[in-house]
Structures are given as structure tokens and as C-alpha cells.
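Let me begin by presenting the structure, written as C-alpha cells, before commenting on it.
Numbering (UniProt numbering), first residue to last: 1 to 271.
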């Protein structure tokens, strides 16, 4: 390429596909400088002015798609050697193969990171590693706990109650929501941030999630659904069997994923 007295900058962005969990090596062959960034972290970078120089870096990645950016800067040829052509080279590789960008239909973040993390923090107070089923019913107290202790079949499972407590303490009032129950005078309203209503049915909570969050981002966690969770993801899920929420790298917080999935937040997507 002939020299024209200008620096040339190029940027690309997209998703790289990682076939299996592991540590992957990335290389970029550059003239003059540039970098590869994955999930917001620079993996390989070369600064300054270089002629056909290689730089490498490695990163541990989970199976799935990861957001990546490439930047290449081809500096103008100095005036003293201006008659010579300005070479331009930028070859990124993953292992021994040229790096391939995928254009995928990635969902948008439903909530910003601060709000998503705050809701997850509210859920962590009553999540599965923190409280047993009996503990959660006892935490809300009142007639609801009495019904659970008596063995009433409608007050056995706790998944919808856990999510109700999280949503309420976050600041969402469930009064008027499908299947909402008033906890009564003896119920622990402090657990709900001063509110008085909870949903105890998984099926009715699943209906409410569609009201609150809209259509789900994934049909389930199967092959065509949310099957490549990433650290930093914050998701909500639910159907008539089970509802809950968790982070992408700690599904056990919500026991297990069931039904449609809403992606509240993924750090590599724009807010």
C-alpha cells in the first residue's frame, strides 16, 4: 500500500466461539501496532511502531461465545523514507487458526449492572446455600409459616417465596401481582423492605416475570437456549416447576435452572 501521509486505524468487534473450557493462546501479527481484547480484557497488545512483529497472550475461557474487539493502527511512513511503500499487516489467530468473528443475535441487558447486582444481593439473603426451605418460611413468619409447618401442600416449596422476598426487598411491590398473598399482621414485613405481599406459586411467579421483564431471552438452558453461562452473568428463570435467579458461574444459588431464562446482565454486553 502506497504511503499517503496518514495513520490508518481499523476496529472490529464481534464474538469468538470457544468449543470447550480451557486456556487458549492468541497471537496477532502486526505492522505497526494493535491489540486483541476479550470480555473487556486486553489479551495481546503491541504499542509503538513495528514491522511484521508477533505478540501473543493466553486467556482461560469457558465454552461458549465471548465478546472480542480488535484494533489495528498502521502508522504513516516518516517523511525521510516516504518514497517507500507503507506495509500494512494485521493477522489475529486463535491457536494455529485465523481468528473468526461470529455475528450472533445476542440479547440486550435488561437491567444495568448496579441494579442487577443489587437484586442478586437481595436474593442471596434467602438463596439455597444460605437458607433451607424451613428457614425461608420461618423468615417470612405469620400465617404463611404456620401453613408450611402444618404440612399444607400449597405451602411446601419455597422457590417463589425466595424470589418474592428478593424482589420486594429490592423495591418492587407485589401487591396486585398474579397470586400475591398478604403476609398478614404477624408476617415479617421487614424481610420485604416494608412491603406486605408475596407470591408462593412457581407458576404464578413465572407469569409475573413476563409482566416484569417481558419476553424471555432464552427458552430454557438446553442446546438452543442458555447453554453457555459466563462468569458475571445475572439471570432470572422460571416456569411452573421452579423459579429463581443466579449468577452464570454459580447456578446452585438458585438450586437449578428451569424454564425460560431472562438475562438481566452480562458484563460484555452494553447496558
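The beta-carbon is built from N, C-alpha and C at its ideal position, and this holds for glycine as well.
Computed from a predicted model, the values in this text were never measured in an experiment.
Quiz prompt | Separation of residue 266 from residue 200, as counted between CA atoms | solution = Mapped onto the chain shown, residue 200 falls at position 200. Mapped onto the chain shown, residue 266 falls at position 266. Cα to Cα, the separation comes out at about 28 Å.
Practice problem: Give a yes or no on contact between the segment 215 to 235 and the segment 190 to 200, applying the rule of three or more CB pairs nearer than 8 Å. | Solution: no
Practice problem: Can you give me the start and stop residues for the alpha helix (DSSP H) that residue 130 sits inside? | Solution: The residue given as residue 130 occupies position 130 in the chain shown. It is not in any alpha helix (DSSP H) - residue 130 carries neither H nor E in the DSSP assignment.
Practice problem: Would you decide whether residue 241 is buried or exposed? Buried here means 16 or more other CB atoms lie within 10 Å of its CB. | Solution: Reading the chain shown from its first residue, position 241 is the one you call residue 241. Counting Cβ neighbours within 10 Å, residue 241 comes out exposed, since fewer than 16 surround it.
Quiz item: Excluding five sequence neighbours on each side, which residues of the same chain lie with their C-beta closer than 8 Å to the C-beta of residue 251?
Solution: As a working mapping, residue 251 is identified with position 251 in the chain shown. So the list reads 229 and 257, once near-sequence residues are dropped.
Quiz prompt | Alpha carbon of residue 75 to alpha carbon of residue 16, nearest angstrom | solution = Against the chain shown, residue 75 aligns to sequence position 75. Against the chain shown, residue 16 aligns to sequence position 16. Looking at the two C-alpha atoms, the distance is approximately 27 Å.
Quiz item: For residue 36, which of 146, 56, 22 and 125 has the nearest alpha-carbon?
Solution: Sequence index remark: in the chain shown, residue 36 carries index 36 (1-based). Residue 56 is the option with its Cα nearest to residue 36.
Practice problem: Pick helix, strand or coil for residue 66, following the three-state DSSP scheme. | Solution: Translated into positions along the chain shown, residue 66 becomes position 66. Reduced to three states, the DSSP call for residue 66 is strand.
Practice problem: Kindly give me the distance between the Cβ atoms of residue 243 and residue 206, rounded to whole angstroms, as I take these residues to be in contact under 8 Å. | Solution: For the purposes of this step, residue 243 is identified with residue 243 of the chain shown, where counting begins at 1. For the purposes of this step, residue 206 is identified with residue 206 of the chain shown, where counting begins at 1. Between residue 206 and residue 243 the Cβ distance is about 6 Å, and since that is below 8 Å, they are a contact.
Quiz prompt | Spatial neighbours of residue 155 in its chain, beta-carbon cut-off 8 Å, leaving aside the 5 residues before and after | solution = Mapped onto the chain shown, residue 155 falls at position 155. Excluding sequence neighbours, residue 155 sits near 137, 144, 147, 148 and 200.
Quiz item: Rounded to the nearest angstrom, how far is the Cβ of residue 33 from that of residue 67, given a contact under 8 Å?
Solution: The residue labelled residue 33 in the question sits at position 33 within the chain shown. The residue labelled residue 67 in the question sits at position 67 within the chain shown. Their Cβ separation, rounded to whole angstroms, is 22 Å, which puts residue 33 and residue 67 out of contact at 8 Å.
Quiz item: What are the start and end residues of the alpha helix (DSSP H) that includes residue 31?
Solution: Working through the chain shown from its first residue, we reach residue 31 at position 31. Where residue 31 is concerned, there is no enclosing alpha helix (DSSP H), although the beta strand (DSSP E) it sits in stretches over 22 to 31.
Exercise. Look at the Cβ atom of residue 31, then the Cβ atom of residue 51, and state whether they are nearer than 8 Å.
Key: The residue you call residue 31 lines up with position 31 of the chain shown. The residue you call residue 51 lines up with position 51 of the chain shown. It is a contact, given that the beta carbons lie within the stated cut-off.
Self-check item: Residue from 91, 69 and 47 whose Cα sits closest to the Cα of residue 41
Solution: Residue numbering aside, residue 41 sits at position 41 when the chain shown is read from its first letter. Considering only alpha carbons, the answer is 69.
Quiz item: Rounded C-beta distance between residue 103 and residue 187? I'm assuming under 8 Å.
Solution: What you label residue 103 is simply residue 103 of the chain shown in a count that begins at 1. What you label residue 187 is simply residue 187 of the chain shown in a count that begins at 1. Not a contact, Cβ separation roughly 50 Å.
Quiz item: Taking the continuous alpha helix (DSSP H) assigned at residue 117, which residues delimit it?
Solution: Indexing the chain shown from 1 puts residue 117 at position 117. Note, residue 117: alpha helix (DSSP H), 113 to 124.
Self-check item: Backbone secondary structure at residue 251 - three-state DSSP
Solution: To locate residue 251, count along the chain shown from 1; it is residue 251. Correct three-state label for residue 251: helix.
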